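S.K.: Attaching a single structure in structure tokens format; questions to follow.
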Amino acid sequence: MTIRKVGVLGAGLMGSGIAEVAAKSGYETVVREVSDELGRKGLSRIEGSLAKAVEKKKLAPEERDAARGRLSTTTNLSDLAGCDILVEAIIENLDLKKETYRELDRLCKPETIFCSNTSSLTITEMSAATSRADRFAGLHFFNPVPVMKLVEVVRTIATSEETFETVFQFATSLGKDPIRARDNSGFVVNRLLVPYLLDAVRALEEGVGTAEDIDKGMELGCGHPMGPLKLLDFVGLDTTYYIAQIMFDEYREKRFAPPPLLKRMVLAGRLGRKSGRGFYEYGGGK
Ligand code: CAA
């Protein structure tokens, strides 16, 4: 199947990144948000990232203009009807996702492939809300989407071989280097990453080291670009807490249980970079 038109649901951090890479890769891209204001916010995030790519000499100004020209936003789900593939990156609320998929299943042409960028919810459960479970897969990107090379392409027990191969090729066409994963909560990366991040919070809780020393340990000792607590601030403490809860619910294993300090920081509104404070403070744009 040839993919020409891409629909992206949600213009948040992940959705706008996905839309940006799709448009840069030559696809006509329609982004759907729930309000004009959120659509505009997403577009300005994309424009900022395209400008940074030009500044970093990753993109020529003409390529930026062409990519911008391929992008449009809408608030109507029906504007996604003619898309060949949809990538959903709305909030991690299973009921809302299922309701959205049900509606899209009715609106979209039968060949449209549905993909979810969820990081921990079950793809199978979303696909069961539609009549196209064979044309349904997971397509999990990493933050920041324009920079990170990995995409996890996730197969459920109902995903057809043809759909899986089309989605895998699509991920490659976005300039990514995908891996194959089964539909188990957390797929490959979060299954390994989440217990590590939670363990770093436990280490801090137990006074093993300061936040700075825990991060420095992993940066200089293991060559990680960011230590675990900086990475938690980057991903969002609320997001990680939420993912950990879903994974704990699925596996019932202690390593996925969110530590009390993480919960308290989320309750106190210390969500990381996005709220200006997490394990570190981010005043003055830092
Ligand atoms: N478009 C294209 N390229 C860009 C860009 C943009 N908007 N902005 C930056 N770049 C490029 C730069 O040119 C640079 O490329 P080179 O290495 O070829 O020079 C590279 O991206 C790094 O950019 P910077 O030098 O500006 O930034 P940095 O060196 O400070 O790195 C970082 C920033 C990429 C975020 C790095 O710190 C990093 O890799 N951190 C870890 C991120 C991570 O682990 N993400 C996964 C989170 S988990 C997740 O997302 C999944 C989940 O489900 C929770």
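For what it's worth, the numbering used here labels the leading residue of the sequence shown as 378, then goes sequentially. Every residue gets a Cβ at the ideal spot worked out from N, C-alpha and C, and that includes glycine. All values derive from a computational prediction rather than experimental measurement.
1) With respect to 7 Å, is the separation between the Cβ of M525 and the closest non-hydrogen atom of ligand 1 below this value?
2) Hey, would you say V408 sits closer than 8 Å to A388, going by beta carbons?
3) Does the beta-carbon of M603, which I'm using as the reference point, lie nearer than 7 Å to any heavy atom of ligand 1?
4) Just to confirm, does L481 get its C-beta within under 7 Å of one of the non-hydrogen atoms of ligand 1?
5) Tell me where the beta strand (DSSP E) around I380 begins and ends.
6) Let me know the secondary structure DSSP gives C492 once reduced to three states.
7) To the nearest angstrom, how far is the alpha carbon of K434 from that of E440?
8) Is E405 closer than 8 Å to S426 when the C-beta atoms are compared?
9) Suppose the cutoff is 6 Å on Cβ atoms and the five residues either side in sequence are ignored; what does the same chain contact list for L436 look like?
10) Taking 8 Å as the cut-off, decide whether the C-beta atoms of V530 and D560 are in contact.
11) Please confirm if the segment 514-529 is in contact with the segment 632-644, defined as three or more CB-CB distances below 8 Å between the two stretches.
12) Since T507 and D472 should fall inside the 8 Å C-beta cutoff, what is the C-beta to C-beta distance between them, to a whole number of angstroms?
13) State the CB to CB distance for the pair G384 and L498, rounded to an integer number of angstroms; the pair is presumed to be in contact (CB under 8 Å).
14) With a threshold of 16 other CB atoms inside 10 Å of the CB of T379, please say whether the residue is buried or exposed.
15) Can you name the start and end residues of the alpha helix (DSSP H) that V544 belongs to?
16) Quick check: what's the CA-CA separation for G416 versus G584?
17) The alpha helix (DSSP H) that contains A514, what's its start and end?
18) Can we say the segment 573-588 touches the segment 546-554, given the rule of at least three CB pairs closer than 8 Å?
19) L609: which of C599, F625, A621, C460 sits nearest, CA to CA?
20) Within 7 Å: the Cβ of K553 and any heavy atom of ligand 1?
21) Alpha carbons only, please: which of R632, Y478, I462 is nearest the one belonging to N567?
22) Can you tell me where the beta strand (DSSP E) with S449 in it begins and where it stops?
M.R.: In this structure, then:
1) yes
2) yes
3) yes
4) no
5) Taken as a continuous stretch (DSSP letters only), I380 belongs to no beta strand (DSSP E), as it is neither H nor E.
6) strand
7) 11 Å
8) no
9) A430
10) no
11) no
12) Not confirmed; about 15 Å, so no contact.
13) That pair is no contact at about 19 Å.
14) exposed
15) 538-550
16) 44 Å
17) Careful: A514 lies outside any alpha helix (DSSP H), inside the beta strand (DSSP E) at 513-518.
18) no
19) A621
20) no
21) R632
22) 448-451
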